Amino acid sequence: MRERKDGIIRFGMILAGAVLWGSFLYIVWIWVPRAGIRYLLILLWAGLCLMGLVGNLLQRRQVCRFADELCGTLDELMAGRKPERYIYYEDTLVSKVQGKFLQFYDLMSEERRLSRQDKQVIQELVSDISHQVKTPIANLQMFLGILQSHDLSEEKRAEFLEMTAGQTRKLDFLMQSLIKMSRLETGTFTLHVEKTDLYGTIAEALNVIWAKAEAKDIRLSVECDSALTARHDSKWTAEALGNLLDNAVKYTPKGGSIQIGVRPWQFYTRVDIADTGIGIPEEQCHQVFKRFWRGQEAAAQEGVGLGLYLAQEIITKQRGYISVKSVVGEGTTFSVYLLT
Amino acid sequence: MLRNNNLKICRKLVRREFQFHKGQTLLLIMAVTLVCMLYTFSFSLGNLTYKGFLYSYRTIYGSDSHIIYENITEAQAAALKKHPAVKDTAALSAVGVLSDEMLENRNVRLAAVSESWARETDSIPVCGRMPEEKDRADHDKAVFDESGLDKTVVHGESGFGKNAPAEIALDEITMNSLLIPHEIGAEVPIKWRSAEGEEYTHTFRLCGWWENQMGETDSCAWITAETAEELCGKRPDTLMLGVTLYLPGDLEKQAKDLLADLGLKDISYTTNLAYNKARQDYAGREAVKFYRMNLIVVLCGVLMICHIVQLSAQQNIRFYGRVKSLGMTPRQIRVLAAQRAVMVWVPGILPGWILGFLLCVGAAPYVVVGMERNPAFAFFQLWPFVLSALLAGATTLTACLWPVGRVMRSVPAQAVRYIESVEQRGRKGRKTRAPVARRMALTGISRQKKQSLPAAFSLLLSLVVLCCVRTMGTSYDEEKYLDGMALCDYRLCDASAASGVQRYNPKSRSITPKIMEALSVHPAVTDMGQACTMEVPLYAKPEDRARIIDAFEEVDEQGRARKEYMADEPDWLAGYEKMRETGEYIGIVTGVDGLMLKNAMARQAFLEGGYDKEAFDTGKYVIAAGAASSHIRATPPVGSKVDICSREFEIMASVPLETTLLSGKDSRQAQYNITYYLPLSAFEELFPEHGIRNVAVNIRREEQKAFEDFLSQILEGTGTDMFSYKDYQWTFRNAVFHLCMIPLFVGSVMLLIGMLNFANALAVGTLVRKREFAVCESLGMTKKQLRRMLLWEGACCYGVILVLLVPGTGILTWLWGRWWLAHTNTWCITWRFSLLPLWVSLPVLLILSLAVPLYFFKKIAKESVTERLRELE
Amino acid sequence: MEIISLHNVKKYYGSKENTVKALDGIDLTIRQGAFTAIVGASGSGKTTLLNMMGGLDVPDTGEVIVDGVNLSGLKEEQLAVFRRKKVGFIFQNYNLMPTLTVEENILFPLDLDGSAPDEGYLREIIELLGLKDRLTAFPDMLSGGGRQRVAIARALAAKPSIILADEPTGNLDSQNGQNVAGLLKMTTELFHRTLVMITHNMELAQLADRVVRLQDGRIV
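Chains as they are written, first to last, in my numbering: chain A, 120 to 459; chain B, 594 to 1466; chain C, 5 to 224.
Below, the structure is given as C-alpha cells:
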C-alpha cells in the first residue's frame, strides 16, 4: 500500500516538475526579450535543478551506506565478534545507532553472565546446604542409633532425646535460614516496599531478642520517634534488624548494652545498632557480610554465619545499604540506611 | 557520513546565556550597533561623495539622460526608442534658440513642451504651470475636434501680433537676464533664432517659471506644440532625443553602437558627463578617501568587540572548558560560538543602520552641497547597509570565535586548572591584612593590569585622534579666511548678475534707489559703497600695448607664456589678439564709491603709483586693474592717459584685479579687458542712466539678525541677490567640517568605546572578586573598609591612566601636528595647539573609575556573605 | 572482565627543576560493574588519575584503555563523543550549567548527543534522587547536596558504562556525604555501572568493592 503511495507521489513529482519547467520556459520565452539573458536564465534554472538532483543522489547514497554499516555491525555482533570500537566515537548518526547496538549487546552478555552466576550461586547453595545439614543429620542418626540399639536408662534416654530435639531445632533453624536465603537469592519472593512506620518494625525486631538480652543482662535502649517513617518492607526489615540485634546480643558480654538510634536524613533514614561487644577488626569489616563467614573469635558462639548476610541482602534489595564501624574490644556499630 | 543532528542544544545554551547575562549581552549588542553604525556611516558617506560628484557633473550636463542625440528625425527617434538597449527616451523638438545677447553664455532652447524632457532636466515650472493651448481651455473642445482645419483657424486668431499672445514658461536665470518681471501673465518679448539662422522677435505671455536646479548653461523655454508649429510654419522636422539606457557603461561607444545598429550616420550626440570614465574615476578616488577611513573604523570595531570578548574570556574559557569536559564536540563548540555571535549581531544591525543613516542624514548636506532634498535620501543606496551589516557580522564572528581557538588547543583538564589557578591567585590576596585597604588596592591593580591595558590603549588612541582633529579644526583660521575672501559683510548683486554664468545686463535696475536710500539710513550699516560698470570700447596706444603684450608673452619659470595658460578660452584669445593687432579692446569702466573703492584696493597692493584721495575725487584720474603677478603689469603705465567716451583720464595707479569685487559675467567680447575704476560722480557724468551692479555693505555684527530681516524685506520681489560674509563663513566652516568630520566621528566613537571598555574592565574587575570580597568580609573587614579599598583602587587606576594619557596624547598630538603643518598647503592656517578633548574626558574618566567599582560593589553586597561564599559558579 | 586498564601511566607537571610527579607509573585494571574507591592524601594524583580515565587529560607516557579503546588514539571529536557516551563524570565542584534548569542539566549529555531521552529510565533516576520537585529550579537555587544529586543524575542520564566521581562528597557535610555516596552506590549497582570514586572518607571507601590507595603518584 505504502509503496503504491510512494509511486503515486513520485509520479506526481515528475508531473509537477514537468509543469514547472514548462511554465518556466514559457514565461522566459514570453517575457524576456533578450536572447542572451533568456538562455542565461534557462541555464541558471537548469543548474539549480541539477544541484537538487545531485543533492538527492548524495542523500540516497548516504542512506544506503548508513544501512550497510549498520548491517555490518549487526553481522559482527551476531557472530560474536566485537567490532573495532573506535567507530562508535564518531559524531555521526551511524555511530550513534551502532553505539546503541553495542550497549544492547553488552547488556545481553551481562545478563548471560548474571544468569550463569545465578546458576553457580544455586549450585554453591546446594553444596553449602548439604554441608551444613550433614552434621546435624549425622548427629541425629547417631543419637537415634544409640536410642534404638542400646538399652538405656530413662535418664540417659531423656538426655539423648533432649539432644536429638536440640539437633532437630538446629536443623530447623538452618532450614528456615536456607529457605529464606534461597528465596532471596533466586528472587522468588517480592518485597513490598512502602512508606511505613519504622517504630513498629524495630519493635517487632526487638521482640525476637528481648528474652535473650534479658537472659544476658544486656541493657536495650531505643531512641526512635514514633512518627518516623521509611520506605521499607516491614516484615523483612524486621527480620534483618532482628538478625543484626541477635548478632549484637550474641557478641556482647554480660552486663553490656545495645543502643538503637534512628536518625532521619534527607534521603536515608539511618538506623544505628551499637553494641559494646568484642568488636570486629577493621580488615574484616568487608567480610562480615559474606555467606557462612564467621569470625575466629565467634567460634564459641553458636550460629551458621548467615544472619548478617541475610540482613544485607534484605536491605540492599530495598535499595538501602549497611555499613559497619567497629573498634576491637569496645564495640561495633552497624548502620542500616533505608530510603526515606 | 550522515552528521549527527545535535546542534539544538547550542541554541538553547546561547539563549539561556543571554537571558542570564543581560548586561553583558546588551553591551555586546551595543558594541555591534556601534560598529555597524560606524560602517554604515562611512560607507554611506563614501557613496554620497561619489554620487555627489556625479550629481554635480549631471548638473553641469543639464540632463539625466545618458546620451542626447541632436537633429534627428522623428522616424529615427522612434527607431532608437525601440532599440532593446534603450530603457526610455525623452524627445525635444526645438524651434530655435533664444538669441538675446544677454544669454550669450547660455543655451536656451525655444521648444514645444515635452514632459519627459522636462522631467529629465528638472525644468518643470514650480510657479505657474506649463504652457497650455489657451483656446483648448476656453473654447468648447468639440469645435476643434471636428476637423484639423478648425484648429489652425483658431490658432491664427490667437496668434502673434494679435490680441492674445501665446504662453511661455522660462527658468529664473533667463528671466533675470532678460529683465522679465516675475509675474504670471506678463508680456514677454523674446528674441530667438531659428535653426536656419533667421532672427525673430515675438511677444509671449509668461505662464510659469522654475528655479534652476540643473541647466545653468543649458535650458529650455517652453511653448506649446501648436505655437511651435505656428512659429516655424510647419512641424519641426528635427528633434533632440535624450536616451536612457538599461546598462550605461562607456557611453561614447554605446552612442556609436546605437547609431550603427540602426544604420544611422552623421548624427551628433553628447554623453552625460556623470558617466564619463575619467570623471567617474575621479569621483571614485575622492570616495576612496572615505573608504580608507573605513580601515581605521574596521580596526576600531574589531578592537572594541575583541576587548569586550576578552574581558569575559576567563568566563568564556571556563564555559567552553566545562561543556567540553561534558562531551561537547569541537564542531558543536564552534557552532555555539558562532550562534552567540549571530545572536548579538542580528539585533545590533537595525539600530546600527538607523543610527548610521541618521548620522549620514545629518552630515550629508555638508558633503554634497546645494541640493534641495537631503542627499542622504536622494542618493539612498542599499549596498552600504548590506556591506556594513556583513562586515559587522564578520567582526563579531572573529571576536567570538577567538576564545574558542584557545579552548580547542588545550585539554579540558587544563581549562579546569586555569580556573583553579585564578581562584588561587584570589586566595593569596586574602592573606595581606593590616592597613588593608591601600595595600590590597595596589595588589588589585596589578592583577587587573592585563585587562585594563587594552582599554587604556584604546583611550589613548581615540584621544590622540580627537586632539589632532581639534588642533586641526582650531588651526584653520576663519578670520584669516574671511579677511582674504569676503571683502565686505554683505554684497547685493543685480538680478542679472547673480549667477556666475549670467552676463550682467546694464539695463537691469533691480537695485533701486529706494533700496540704496533705505540702506544708507539704516542704523546698523557702518560703511557701504556701490559699483556700476559699463563696457566701453577703448584704444591702447602702441607703447602701452607693447608693455601689455610683453606681460602676456614673456616666458615664465615653467617655460610657458602667460597667454598659453588661457589657450582654452577662445573668447579671451580673440579679444587679446584684436588688442594686439589693432589696439582696440573693451574696457570695463567701473564707477565705485565708499566701501567699494576701498575694496577695489583692498590690500593696498599697488603695483605702480599710489592712491591720492583728493586727486581721485576730482574725477580726472582712474585706477587701472588687470592681470598681475610679481613681475607682470598688464595695464597701461601710470601717468598715461586713457580716452573714455571722449573724456581723458590719467591713470593714477595700477592694482591687481580683485575678482571677487563684482558678480556676474561680462560680455564675450569683454573676456579680455582692462578695468578702470573711477569715482562714481565721474561715472554718473559719463553715463547718467546707469544701474547698480553691486553694493557692498558693512554692518555692526551684533545687529546682524535685524539687518538681515530688513534686507530680505526690502529686496523681496526685486530679484536682487544677496551674498553675505556668512556664506563664506558657511563655506569655510563646511570645508573644515568636511575635513574633520570622519576623524572626528571615528575618534568620538573610539572614545566612547574606550570609555565603555574602561568601565567594563572596572566592572569586571570588581565582579570577579565577588567571592574574595566575601572572604574579606568574613575575616572581619567592614564594608566601609572594602569600599575605601575600592576607592583607592579606582584612584590608583585613574592615576595610572593619567600618567599614560596626558603625556602620551600631548606628545603624539604635537608630533602629528608638526607633521601636518609641514605637509599641508593651505594658506589660512594659524597653528593653535589644543588638547581640549583630553581635558574634557579626564573628569569623566575620574568619575568612572571611582563610581563604577562602588556601584558594582553595592550590587554585590546585596547578597549575604554566606551566600557569596557558597557560590562556586 | 576489565573495562578500564592503565599501563605504566606517567604524568609530570612543571618545568625541569621542580617537576611534580602527578602520576608515576600507574598500573591498574578495573573490573566491569565494580565499585572502586581511590583514596590518598591531597596532591597524590587522584584527580589526575580520574581525569586520565575520563579522557580529560592525556598521559605523558603509558596508555589508558577504556572498553577496548586506547584513548591516545582518539581524535578531539571522538574524545568528546567518548566522554558523553561512555563516561559519566561527577565533578567535585559539580560543573553544572548555571543557565540551565535542573532538568535541562540532567538531559544535557543527551542533548549533546542529540538523542531522545529514555523517559522511563530518567523518571526512575529523578525519583530515586529526589529531584522530582526541583526539576524547573536553577542550580544556584539548590543546596550543595542538591547540586551533587543533579550531577549524579546527569552522569547517569546517558547510560554510560562508567561513572567517575571526583570527591562527590567533598563539599558536603558527613550526613549529606553519606546520603550522596549511598545514592551513588545504590544507583550504580542498580543499573550495573562501573563506579570509580575518589574520596577522603574511609567510611565511604568501605562501601566499595575495592580500595586503591595512592601516594605520590603511585599505588600502594
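Ideal Cβ placement from N, Cα and C applies to all residues, glycine included. Computed from a predicted structure; not experimentally measured.
Going along the segment 906 to 935 of chain B in order, which residues come within less than 9 Å of chain A, judged by CB to CB distance? 922, 924 and 925
Taking residue 143/A as the query, report the chain B residues whose CB atoms sit under 8 Å from its CB, ordered along the chain. The contacting residues do not exist; residue 143/A stays about 22 Å from chain B at best.
Please state whether DSSP places residue 343/A in a helix, a strand or coil. coil
Using the C-alpha atoms, what's the distance from residue 445/A back to residue 383/A? 22 Å
Should residue 428/A and residue 186/C be called a contact, given that it needs their Cβ atoms to be closer than 8 Å? no
Comparing the C-beta of residue 758/B with each C-beta of chain A, is any distance below 8 Å? no
Taking 8 Å as the threshold (beta carbon to beta carbon), is residue 96/C in contact with chain A? no
Since residue 1424/B and residue 1414/B should fall inside the 8 Å C-beta cutoff, what is the C-beta to C-beta distance between them, to a whole number of angstroms? 6 Å
How far does the alpha helix (DSSP H) with residue 1155/B in it extend, from its first residue to its last? 1155 to 1158
Can the beta-carbon of residue 159/C be found closer than 8 Å to that of residue 92/C? yes
Using the beta-carbon count (16 or more within 10 Å), is residue 351/A buried or exposed? buried
Per-residue burial, residue 379/A [other beta carbons within 10 Å of its own, 16 or more giving buried]: buried
For residue 876/B and residue 1171/B, the rounded distance between their alpha carbons: 40 Å
Coarse secondary structure for residue 1293/B, derived from DSSP in three states: coil
Looking at C-alpha atoms only, which residue of 1278/B, 1163/B, 723/B and 869/B is the closest neighbour of residue 1261/B? 1163/B
Under a Cβ-count criterion, where at least 16 other Cβ atoms within 10 Å of its own Cβ denotes burial, should residue 399/A be classed as buried or exposed? buried
Can you name the residues of chain A whose CB is closer than 7 Å to the CB of residue 677/B? 152 and 153
Please confirm whether residue 181/A has its beta-carbon closer than 8 Å to some beta-carbon of chain B. yes
Would you report the Cα separation of residue 852/B and residue 1303/B, rounded to the nearest angstrom? 58 Å
Any beta carbon from chain C within less than 8 Å of residue 996/B's own beta carbon? no
List the residues of chain A whose Cβ lies closer than 9 Å to the Cβ of residue 119/C, in chain order. 215 and 219
Mind the definition here: the segment 706 to 724 of chain B touches the segment 786 to 806 of chain B only if three or more C-beta pairs lie below 8 Å; say whether that holds. yes
With a 10 Å radius around its C-beta and 16 neighbouring C-beta atoms as the bar for buried, classify residue 543/B as buried or exposed. Missing from the structure shown is residue 543/B; chain B here goes from 594 to 1466 and no further.
Any C-beta of chain C under 8 Å from that of residue 404/A: yes
Contact between the segment 938 to 954 of chain B and the segment 1314 to 1329 of chain B (3+ Cβ pairs under 8 Å): no
One or two residues paired with residue 1266/B in a DSSP bridge: 1179/B
Kindly indicate which residue of 209/C, 17/C, 177/C and 90/C has the alpha-carbon position closest to the one of residue 919/B. 90/C
Less than 8 Å between the C-beta atoms of residue 885/B and residue 1124/B, yes or no? no
Listed from N- to C-terminal order along the chain, which residues in the segment 64 to 86 of chain C have their beta-carbon within a distance smaller than 8 Å of any beta-carbon of chain B? 80, 81, 84, 85 and 86
Can you tell which of 834/B, 870/B, 717/B and 776/B has the C-alpha that lies nearest to the C-alpha of residue 670/B? 834/B
State buried or exposed for residue 1432/B, treating a residue as buried only when at least 16 other CB atoms are found within 10 Å of its CB. exposed
Beta strand (DSSP E) runs contained entirely in the segment 341 to 417 of chain A, provided each spans 3 or more residues: 348 to 351, 376 to 383 and 387 to 394
Residue 217/C and residue 47/C: beta carbons closer than 8 Å? no
Residue 1183/B versus 988/B, 1274/B and 613/B, residue with shortest Cα-Cα distance: 1274/B
Quick check: residue 1108/B and residue 1307/B, are their CB atoms within less than 8 Å of each other? yes
Spatial neighbours of residue 196/C within its chain, please: C-beta separation below 8 Å, excluding the five flanking residues on both sides. 37
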